[in-house]
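Asker: Before anything else, here's the structure in question.
Residue numbers (the UniProt record's numbering): 1 to 255.
Pasting the structure below:
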């Protein structure tokens, strides 16, 4: 039984209104998004994945991300237990906007274990996406060093930033491409080599099973103890609880 192996450590909760909103066909008024974000800031989440700096043509719902962030309650972002705000980027142009946004703490990038999905999602190959991530990780380190020293501080940057890579199709894909835990491990190794220290394994199409999630998290945590692994499940109420428990039982640190 998996339950006999549980040694549960604290797990950070990452709320993701961005993912839900971007799938809604009608445009949600900016004022409504601001009001909702400010309500979430009071709920005690560790991180809120709230917006994205991507093409308005590709994701129309996110075209007002800058305005939404500008309208959030700054006082709720102060203090040691304040939630962190995360935005997703898929290009160097979007990354520049993110790193120059003072209140952001986390910058997410969508990398895929599936070549076809990477092309559909970002119009790039996996190799090109890895080049993006390397550039962004280095830029984050430079910006954080400038904040630490207060010398040559990039305009508008006040909070230190960190990268998190959303590793989509991490449990399989619907396109017939080869999948195995080795595929995920290879990409995790690539990310570790450029300094990424947060990876969120995304079950993009809801194909994972409890034992599968346990085995993958256990494998990766042993191989890359320096990385904080999280889970981003697209699931249903019948299986989501077991997936979370099994992942947390072997080292998952955020969900």
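Beta carbons: idealized from backbone N, C-alpha and C, even for Gly.
Between which residues of its own chain and residue 94 is the CB-CB distance below 7 Å, once the five residues before and five after are set aside?
Answerer: The answer, listed in chain order, is 53 and 54.
Asker: Taking Cβ positions, are residue 88 and residue 49 nearer each other than 8 Å?
Answerer: Yes. Within cutoff.
Asker: Are there three or more Cβ pairs, one per stretch, closer than 8 Å when the region 102 to 110 is compared with the region 162 to 182?
Answerer: With a cut-off of 8 Å, the region 162 to 182 and the region 102 to 110 count as touching, because enough Cβ pairs lie within range.
Asker: Checking 8 Å against the spacing of the C-beta atoms, do residue 247 and residue 213 come in under that value?
Answerer: Result yes, Cβ atoms of residue 247 and residue 213 sit closer than 8 Å.
Asker: Measure from the alpha carbon of residue 99 to the alpha carbon of each residue in 121, 190 and 140, then state which is nearest.
Answerer: Measuring from the Cα of residue 99, the nearest candidate turns out to be 140.
Asker: Roughly how many angstroms lie between the CA atoms of residue 74 and residue 182, to the nearest whole one?
Answerer: Taking the straight line from one Cα to the other gives about 43 Å.
Asker: How big is the Cα-Cα spacing for residue 149 and residue 159?
Answerer: One C-alpha to the other measures close to 13 Å.
Asker: In whole angstroms, what separates the C-alpha of residue 103 from that of residue 120?
Answerer: Residue 103 and residue 120: Cα-Cα distance of roughly 30 Å.
Asker: What are the residues that DSSP puts in a beta bridge with residue 203?
Answerer: DSSP lists 233 as partners of residue 203.
Asker: If we ignore side chains and look at the alpha-carbon of each, how far apart do residue 222 and residue 18 end up?
Answerer: One C-alpha to the other measures close to 31 Å.
Asker: Judging by CA-CA distance, which residue of 83, 201, 20 and 208 is the nearest neighbour of residue 228?
Answerer: Out of 83, 201, 20 and 208, 201 has the C-alpha closest to the C-alpha of residue 228.
Asker: Cutting at 8 Å between CB atoms, please list the residues of its own chain near residue 68, excluding the five before and the five after it.
Answerer: Same-chain partners within the cutoff: 30, 33, 34, 37, 50 and 51.
Asker: Quick check on the burial criterion: 16 or more other C-beta atoms within 10 angstroms. Buried or exposed for residue 220?
Answerer: Buried, by the Cβ-count rule.
Asker: Measuring straight from C-alpha to C-alpha, what distance separates residue 145 and residue 137?
Answerer: Straight-line Cα distance between these residues: approximately 12 Å.
Asker: Hey, out of 72, 12 and 128, whose CA is closest to residue 81's CA?
Answerer: Residue 12 is the option with its Cα nearest to residue 81.
Asker: Please report the residue range of the beta strand (DSSP E) in which residue 171 lies.
Answerer: Careful: residue 171 lies outside any beta strand (DSSP E) and carries neither H nor E.
Asker: Looking at C-alpha atoms only, which residue of 178, 206 and 161 is the closest neighbour of residue 198?
Answerer: Out of 178, 206 and 161, 161 has the C-alpha closest to the C-alpha of residue 198.
Asker: In this structure, does DSSP put residue 56 in helix, strand or coil?
Answerer: Residue 56 falls in the coil class under three-state DSSP.
Asker: Which one of 195, 210 and 218 has the shortest CA to CA distance from residue 184?
Answerer: Residue 184 has its Cα closest to that of 218, out of 195, 210 and 218.
Asker: For the alpha helix (DSSP H) containing residue 179, list its first residue and its last residue.
Answerer: Residue 179 -> no alpha helix (DSSP H), and no H or E assigned at all.
Asker: Check the C-beta distance from residue 61 over to residue 27 and give it rounded, since I have them as a contact under 8 Å.
Answerer: So it is a contact: roughly 6 Å between Cβ atoms.
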